[in-house]
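Going down the list, the sequences are from chains A and B.
Under the numbering used here, think of the first position of the first sequence as -14, with each following residue one higher.
Under the numbering used here, think of the first position of the second sequence as -12, with each following residue one higher.
Built from N, CA and C at the ideal position, the CB exists for glycine as well.
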Amino acid sequence: MTRLQADGVSVRRGSRAIVDNLSLQLEGGSFVALIGPNGAGKSTLMAALAGLLVPDAGEVSLDGKSLRHIKGRALARMRAYLPQNPRAEWPLSVERLIALGLTPQLPAFGGLPMAFEARVAAAIDQFDLAEQRNQPATTLSGGELSRAMLARALVGDPDILLADEPLTGLDPRHALDGISRLRGLAQAGKLVVASIHDLTLTARYATHVAVMREGRLIAFGETAATLTAALLSDAFEVDACVSGAATPTAIVDFVSY
Amino acid sequence: MVRCKGWLGLAALLLIAGIGLSLCTGRVWVDPMVLVRSIFNPQPSLAWLILADLRVPRTLLGLLVGATLGLSGAVLQGLLRNPLAEPGLLGVSAGAALGAVIAIYFGLSASFALATPLFGIVGAIVAGILTLTIGRGGTLMMILAGAAVSGLMGAGLSFALNFAPSPYAAYEITTWLLGSLADRSWDQLALAAPFILLGWVCLAMTARDLDALTLGEAQAESLGVNLRRTQLLALAGTAASVGAATAVTGAIGFVGLVAPHLVRPFVGHQPSRVLLPSALFGAILLVFADVATRLIPTAVEIRLGVLTSLVGTPFFFWLVLRLRRLSP
C-alpha cells in the first residue's frame, strides 16, 4: 500500500511560514480533498508533497523513504503532479501531449517504443479523447484540456496523483465528470490528493478531507466524520450547513445574512 | 510519417544543390564537369586550387555555421518557449564579436591570422559564463541577463569603434561585423569545428527535456527534468557552437530565428523533432544566401550578414503579424 507522509513540514517565504509544522499521513485507495480558504498554503503543500519544493523544515516521505533521497525520474514514475491551470505551450496533437507523460520511462534518445504507443492509446480511450486525438492541444476547450492533462498524468500509471485545483474553470457537467474520475482512480487503489474549492462535490466524492488554514492543518479524516458545519465555519469564517456528507446527494451551502 | 520522409528528401536535395552551387559559383565559374573530374582525379590545376583552398572550406564553414544557428535557435525557442528567441539572445554572439574586434583593434589579427577567431571564442565563453552566473533561477532571469550581457558587449563594440586607432581599423572592424564566409582558411575552420561539434552535442542532449517543457516548468520538473541542467546544456552549447561560428564569420542574423519556424509545422510542433530539420534548413539557408552574395552583381561583394538581415526582416514582420492574429 502506497503511503505518503509529511512530518513537521514547514515552508517559509522570508519571515512568513506558508506551511507551518504540518504533519499528515495519506494512504493508497483514498481520495483526499485538500480544502481551505485562499492563501491557506494548499498549493505550497501540494508542491512539497510532490517533491518539487524542498521544505525548510521537516520531511516528506514516500513508503518510508525521504523524497530528498529519491531521484527525479524514479519519483516521476511513482507520482504524477498537475499544477493549477496546466496548458500546452506548443500546439502539439493531443496524442503527443499525452505521450509526454511517459517521459520518465523513456531512454535518453530515440523515439517512443511501440509498447508505449499502446499505453497512450489506452489513455486516450479511458479519457474519451478519441475524437480529439489529432487536434492541437492549444485549441481544446477547458473540459477537454483538463481531461487531456489528466490522461497525460496517468498514462505512466503512477501510484499517486497530486492535482492542484483540477476542477477550476470547469462547468458543472465537466466538474462532475472530472471528480468522479478522481474517485474512480482512488477506488482502483491509487492515492489521489486534490485541492478543491467546490465543497458540495467534495462532500459527495472525497473519501477524506484535509482542511488547512494559515499554513496549518486544522482537521483531517474521513469525509463523513470530518466535514461538519462547525469545521467549515472555523476554516472559512462563514456559517455553513452540511447535509449528508459522504453520500451521493450531499449538499454544502453557505448562509448569508 | 510519409510527409516527414518527403520533407527529409527535399532537405537532402536542397542541401546537395546548395553545396554544388556553392562549389561552382564565384568570381571564377567552375564547370560542374571539372568539379566532378577533380573529385575522382585530383590534379593540381587552377580549378583544383580554387576548389581546395577557397570553395570547399567556404562551403563547409557555411554548412557548419548554418546548422549551428538553426540548431541553437530551435533549442532556445524550445527552452524559453518563445517564438522570438534566437541564438543572439543570450549575449553569446555579442561576446564573440567583441572578442574578435578586440583582436582587430590591437592589431593582433595582422600579425597572427588566427587571433580574431581565437579571441572571438574567448569572448563568447566569457559572455556565456556572465549570462549563466547572473541569470540563475528561471527563464525570465536568463533572458534579462542575456539582454544585459548583450548590452554590455555592444557597448564595448561601440567603444572600440569610437576609439579606433585609425580610420582603416574602424573600417576593418565594421566590415568584419557585417559577417561573411569569404576568404576563410582551413585553419580557421579547424579552429572552430571542435567547439561547434562540442556545442552540438550539448544542444542535442536537451531534446527530451524540451519536449517535457511543452507542459510548462512545473510539470516538466514533476516529470523528472532537471531544469538547471537543461539551461546549462543549452547555454553552454550555444556559447561553444554559436560563439565559435560568430568568431569565424562575424554576426549573421535571422537564420537561427527563421529556420525553426520553417520546419515546425511539418514535425507536429514537437520541440525535440524540430532540432534536426532546423539544423538542416539553417545550413541550406546559409549556403544559398552565401551563393547569392556571390551572384548578386554589386561592385563590392554584398556581406552575408547584410543579406540575411535584408531577407530575414520581412519574415520577422510576418511572424509578428501572425502572432498578433493568433493572440486574442
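Starting from Ala231 of chain A, trace the alpha helix (DSSP H) in both directions and tell me its first and last residue.
No alpha helix (DSSP H) contains Ala231 of chain A, which DSSP labels as neither H nor E.
Any residues in the region 59 to 84 of chain B with a beta carbon nearer than 9 Å to a beta carbon of chain A? Which ones, in chain order?
Within the region 59 to 84 of chain B, the residues whose Cβ lies closer than 9 Å to some Cβ of chain A are Gly65 and Arg68, listed in chain order.
Is there at least one Cβ from chain B nearer than 9 Å to Arg53 of chain A's Cβ?
No - not a single Cβ of chain B is within 9 Å of the one on Arg53 of chain A.
Around the Cβ of Arg309 of chain B, are there at least 16 other Cβ atoms within 10 angstroms (buried) or fewer (exposed)?
So Arg309 of chain B counts as exposed.
Relative to the C-alpha of Trp71 of chain A, which residue among A:Arg189, A:Asp48 and A:Leu130 is closest?
Correcting the residue type first, residue 71 of chain A is Pro in the shown sequence and not Trp. The shortest Cα separation from Pro71 of chain A among A:Arg189, A:Asp48 and A:Leu130 belongs to A:Leu130.
Name the two residues that bound the continuous alpha helix (DSSP H) containing Gly163 of chain A.
Counting along the chain, Gly163 of chain A sits inside the alpha helix (DSSP H) bounded by residues Pro157 to Gln172.
Would you please verify whether the beta carbon of Pro315 of chain B is less than 9 Å from any beta carbon of chain A?
At Pro315 of chain B, the pLDDT of 47 sits below 50, so the modelled position is not reliable; the number obtained from the coordinates is stated separately. No - not a single Cβ of chain A is within 9 Å of the one on Pro315 of chain B.
Residues of the region 196 to 222 of chain B with Cβ closer than 8 Å to any Cβ of chain A, in chain order:
Listed by position along the chain: Asp198, Ala199, Leu200, Thr201, Leu202, Gly203, Ala205, Gln206, Glu208, Ser209, Leu210, Gly211, Val212 and Asn213.
Give me the residue from B:Asp40, B:Ala34 and B:Gly49 with the minimum Cα distance to Gly5 of chain B.
The shortest C-alpha to C-alpha distance from Gly5 of chain B to any of B:Asp40, B:Ala34 and B:Gly49 is the one to B:Gly49.
List the whole-angstrom C-beta distance separating Leu186 of chain A from Leu152 of chain A, where the pair is believed to meet the contact cut-off of C-beta under 8 Å.
Their Cβ separation, rounded to whole angstroms, is 7 Å, which keeps Leu186 of chain A and Leu152 of chain A in contact under 8 Å.
Work out the CA separation of Val235 of chain B and Pro104 of chain B for me, nearest whole Å.
Rounded to the nearest angstrom, the two C-alpha atoms are 5 Å apart.
Chain-order list of residues whose beta-carbon lies under 6 Å from that of Ala54 of chain B (same chain, five-residue window excluded)
These residues qualify, in order along the chain: Ala266, Gly269 and Ala270.
Is the distance from the Cβ of Leu291 of chain B to the Cβ of Leu144 of chain B below 9 Å?
Cβ atoms of Leu291 of chain B and Leu144 of chain B: not closer than 9 Å.
Any idea what DSSP makes of Lys27 of chain A, helix, strand or coil?
DSSP, read as helix, strand or coil, puts Lys27 of chain A in helix.
Any idea which residues DSSP pairs Ser51 of chain A with across the strands?
In the DSSP output, where bridge partners are listed per residue, Ser51 of chain A has A:Ser46.
List the residues of chain B whose Cβ lies closer than 8 Å to the Cβ of Leu135 of chain A, in chain order.
Against chain B, a Cβ distance below 8 Å from Leu135 of chain A picks out nothing, because the smallest value is about 12 Å.
Quick one: does Val(-11) of chain B have its CB under 9 Å from some CB of chain A?
Unreliable placement is indicated for Val(-11) of chain B, whose pLDDT of 46 sits below 50; the coordinate value is still reported in the next sentence. No, Val(-11) of chain B does not count as interfacial toward chain A.
Can you find a C-beta in chain A that's less than 9 Å from the C-beta of Pro258 of chain B?
It does: the Cβ of Pro258 of chain B has a partner Cβ on chain A nearer than 9 Å.
Distance between beta carbons of Met197 of chain A and Leu87 of chain A, contact taken as under 8 Å:
Your pair Leu87 of chain A and Met197 of chain A does not check out as a contact, with CB atoms roughly 33 Å apart and the cut at 8 Å.
Are there 16 or more other CB atoms within 10 angstroms of the CB of Lys27 of chain A, so buried, or fewer, so exposed?
Lys27 of chain A is classed as buried because its beta carbon has at least 16 other beta carbons within 10 Å across all chains shown.
Limits of the unbroken alpha helix (DSSP H) element including Ala114 of chain B:
Ala114 of chain B -> alpha helix (DSSP H) spans Ala102 to Ile121.
Can you pull the chain B residues whose beta carbon is under 8 Å from the beta carbon of Gln61 of chain A, in chain order?
Just to set this straight, residue 61 of chain A is Ala in the shown sequence, not Gln. Neighbourhood of Ala61 of chain A in chain B, by CB distance below 8 Å: Ser209, Leu210 and Gly211, in chain order.
On the DSSP letters alone, give me the boundaries of the alpha helix (DSSP H) that Val136 of chain B sits inside.
Counting along the chain, the alpha helix (DSSP H) containing Val136 of chain B begins and ends at Thr126 to Asn149.
With 16 other CB atoms within 10 Å as the buried threshold, where does Ile181 of chain A fall?
So Ile181 of chain A ends up on the buried side.
Look up Val178 of chain A in the DSSP assignment and give the residues it is bridged to.
Beta-bridge pairing links Val178 of chain A to A:Val17 and A:Leu147.
With respect to the beta strand (DSSP E) encompassing His256 of chain B, which residues constitute its N-terminal and C-terminal limits?
Element bounds for His256 of chain B: n/a, residue is neither H nor E.
Any Cβ of chain B within less than 9 Å of the Cβ of Ala35 of chain A?
Chain B contact via Cβ: present.
Taking the alpha carbon of Phe221 of chain A as the reference point, which residue from A:Ala231, A:Glu207 and A:Val237 has its own alpha carbon closest?
With distances taken between Cα atoms, Phe221 of chain A lies closest to A:Val237.
Could you tell me the distance, in whole angstroms, from the CA atom of Asp174 of chain B to the CA atom of Gly125 of chain B?
Across the structure, Asp174 of chain B and Gly125 of chain B are spaced so that their CA atoms are roughly 39 Å apart.
Segment limits, beta strand (DSSP E) that includes Phe205 of chain A
From DSSP, the beta strand (DSSP E) with Phe205 of chain A extends over Arg201 to Glu207.
Which term fits Ala72 of chain B, buried or exposed, when burial requires 16 or more other beta carbons within 10 angstroms of its beta carbon?
That one is buried.
Name, going along the chain, the residues of the region 11 to 27 of chain B whose beta-carbon falls closer than 9 Å to a beta-carbon of chain A.
For the region 11 to 27 of chain B, which is checked against every Cβ of chain A, not one residue is closer than 9 Å.
Assigned exposure category for Leu33 of chain B - 16 Cβ within 10 Å defines buried
Around the Cβ of Leu33 of chain B, a 10 Å sphere holds fewer than 16 other Cβ atoms; the residue is exposed.
Alpha carbon to alpha carbon, what distance is there between Leu125 of chain A and Gln117 of chain A?
In a straight line, the C-alpha of Gln117 of chain A is about 8 Å away from that of Leu125 of chain A.
Contact set for Glu199 of chain A: own chain, Cβ-Cβ below 7 Å, skip 5 residues either direction:
Non-local beta-carbon contacts of Glu199 of chain A in its own chain, meaning distances under 7 Å to residues more than five positions away in sequence, involve Ala25 in chain order.
Could you tell me which of B:Gly237, B:Leu214, B:Ala169 and B:Asn149 sits nearest to Val287 of chain B, measuring between CA atoms?
Checking every option, the nearest Cα to that of Val287 of chain B belongs to B:Ala169.
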